[in-house]
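According to mature numbering (1 follows the signal peptide of the UniProt record, and there is no 0), the stretch in the sequence shown is residues -25 to -1, 1 to 275, in order.
The structure appears right after this line, and notes come after that.
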Amino acid sequence: MKTQNRIKKIAALALAGVMAAGLTACGGSASGGETIRVGSKDFTESLVVSEIYALALENAGYKVERKQDIAGSVVHTSLINNEIDLYPEYTGTGLLSILQMDMITDPEEVYRTVKDEYEKRFSVTWLDYSKANDGQGLVIRTDVAKQLGITTISDLQEHAPELRFASQGEFDAREDGLPALENKYGTFDWKSSRVYDGGLKYEVLLNGEADVAPAYTTEGQLAEKDKFILLEDDKQVWPPYNLAPVIRDDTLAKNPEIADILNKISASLDTDTVTALNAEVDVNKREYEEVAREYYDTIK
């Protein structure tokens, strides 16, 4: 019951935001019983959000073929090759990984850039982006942060000689990892730095083996604010990774009402909401389909 109440609470807040923005539910139905192939990447957040998309489309009268759990390295290719019609993507991923363009830190400029370039290069439309930002970050154990007064990455850099870093290996060498941080913030002279498996980082922090680790900003464990704090990127090293549906132009041309259906979903999602949804799956060990259904039922 406790987890269900938490989902209902965040959904109620999200729905209030949608209503305040003047958005209304789409009551239209699909024409001709069109089947829409909904894809996702192979991690919790993408699975949950794609399932919310699928439920919304089914509620509008579409037949949906779920083609979820696709490797992140090939999901864009699946869209371009007409193997799927749409999936949830991130603006920063589109900018840096797909388009391989220079980094931009303004969310609206990133969105305009990927929207224009995807249309030109791929005949793909970016629908409205959400406030949910699943970007890169650094997480610190809450007790350590409070003890040392650390709230920003600038604070962290000053206290680095007192702290143990749990690296994920590639973060130390990747251009948008530690080198990017040190270019903006200065050298991080950690007390120690060891490489750990990324899936174990929160366990490593809780066990007191390390104090700081790389993170993504909507990871479910970050909902446990009494245990972990996500540090503010006060010098804006990392670009925004706002979540949005990307859809083939030919699919959208035949089914224009899909835009309103999925834009309503985007309007309901922010970083705290997505973090809480991830927590239901990754921390509370619920099935992603159940979590998606529960959330969608509160906003439809």
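We put the beta carbon where it would ideally sit given N, CA and C, even for glycine.
Source: prediction; values computed, not measured.
Rounded to whole angstroms, how far is the Cβ of residue 187 from the Cβ of residue 123, which I believe are closer than 8 Å?
Translated into the one-based positions of the sequence shown, residue 187 becomes position 212. Translated into the one-based positions of the sequence shown, residue 123 becomes position 148. So it is not a contact: roughly 11 Å between Cβ atoms.
Through-space distance from residue 133 to residue 271, alpha-carbon basis:
As a working mapping, residue 271 is identified with position 296 in the sequence shown. As a working mapping, residue 133 is identified with position 158 in the sequence shown. So the two alpha carbons sit approximately 44 Å from each other.
Taking Cβ to Cβ, would you say residue 129 is nearer than 9 Å to residue 147?
Taking the sequence shown and counting its residues from 1, one reaches residue 129 at position 154. Taking the sequence shown and counting its residues from 1, one reaches residue 147 at position 172. It is not a contact, given that the beta carbons lie outside the stated cut-off.
Limits of the unbroken alpha helix (DSSP H) element including residue 97:
Taking the first residue of the sequence shown as position 1, residue 97 is located at position 122. Residues 82 to 97.
Pick helix, strand or coil for residue 226, following the three-state DSSP scheme.
Start at 1 with the first residue of the sequence shown, and residue 226 comes out as number 251. Residue 226: helix per DSSP, three-state reduction.
Give me the Cα-Cα distance between residue 192 and residue 207, rounded to the nearest whole angstrom.
For the purposes of this step, residue 192 is taken as residue 217 along the sequence shown, with counting starting at 1. For the purposes of this step, residue 207 is taken as residue 232 along the sequence shown, with counting starting at 1. So the two alpha carbons sit approximately 10 Å from each other.
Are the beta-carbon atoms of residue 246 and residue 106 separated by less than 9 Å?
In the sequence shown, counting from the first residue as 1, residue 246 sits at position 271. In the sequence shown, counting from the first residue as 1, residue 106 sits at position 131. Contact flag set, yes.
Give the single residue among 184, 88 and 227 whose Cα lies nearest to the Cα of residue 32.
Here residue 32 corresponds to residue number 57 of the sequence shown, with the count starting at 1. Residue 32 has its Cα closest to that of 227, out of 184, 88 and 227.
With three or more C-beta pairs closer than 8 Å as the rule, is the region 75 to 82 touching the region 36 to 54?
no
Residues that residue 188 bridges to, as DSSP identifies them:
Locating residue 188 in the sequence shown gives position 213, where the first residue counts as 1. Bridge partners of residue 188: 114.
Going by Cα to Cα distance, which pick from 164, 258, 142 and 275 is closest to residue 202?
Taking the first residue of the sequence shown as 1, we reach residue 202 at position 227. When each option's Cα is compared against that of residue 202, the closest is 258.
Skipping 5 residues on each side, what residues in its chain have a beta carbon closer than 6 Å to that of residue 171?
Taking the sequence shown and counting its residues from 1, one reaches residue 171 at position 196. So the list reads 141 and 179, once near-sequence residues are dropped.
Please work out which residues of its chain come closer than 8 Å, Cβ to Cβ, to residue 219, disregarding the five sequence neighbours upstream and downstream, and give them in chain order.
Position 244 of the sequence shown, counting from 1, holds the residue named residue 219. The residues are 63, 64, 65, 66, 86, 101, 102, 103, 104, 105 and 241.
With the cut-off set at 9 Å, would you say residue 151 and residue 252 are in Cβ contact?
The residue you call residue 151 lines up with position 176 of the sequence shown. The residue you call residue 252 lines up with position 277 of the sequence shown. For residue 151 and residue 252, no; Cβs fall outside 9 Å.
Decide if residue 255 is buried, meaning its Cβ has at least 16 other Cβ atoms within 10 Å, or exposed.
Here residue 255 is taken as the residue at index 280 of the sequence shown, counted from 1. With 16 or more other Cβ atoms within 10 Å, it is buried.
Using 10 angstroms around the beta-carbon of residue 40, count the other beta-carbons present and answer buried if the total reaches 16, otherwise exposed.
The sequence position of residue 40 within the sequence shown is 65, counting from 1. Burial call: exposed.
Please tell me whether residue 11 and residue 61 are closer than 9 Å, where the distance is taken between their beta carbons.
Along the sequence shown, read from residue 1 onward, the residue named residue 11 stands at position 36. Along the sequence shown, read from residue 1 onward, the residue named residue 61 stands at position 86. Yes, Cβ-Cβ distance for residue 11 and residue 61 is below 9 Å.
Residue range of the alpha helix (DSSP H) that residue 62 falls in?
Position 87 of the sequence shown holds residue 62. Taken as a continuous stretch (DSSP letters only), residue 62 belongs to no alpha helix (DSSP H), being part of the beta strand (DSSP E) at 61 to 65.
Which residue or residues does DSSP assign as beta-bridge partners of residue 12?
Here residue 12 refers to the residue found at position 37 of the sequence shown. Looking at the DSSP assignment, residue 12 forms a beta bridge with 40.
First and last residue of the alpha helix (DSSP H) that includes residue 142?
On the sequence shown, residue 142 is found 167 positions in, with the first residue counted as 1. First-last for residue 142: 139 to 142, but that is the beta strand (DSSP E), not the alpha helix (DSSP H).
Out of 82, 204 and 181, which has the shortest C-alpha to C-alpha gap to residue 127?
Position 152 of the sequence shown, counted from the start, is the residue given in the question as residue 127. Out of 82, 204 and 181, 204 has the C-alpha closest to the C-alpha of residue 127.
Going by C-alpha distance, which of 183, 274, 138 and 42 is nearest residue 166?
On the sequence shown, position 191 is the one that residue 166 refers to. Of 183, 274, 138 and 42, the residue nearest in Cα terms is 138.
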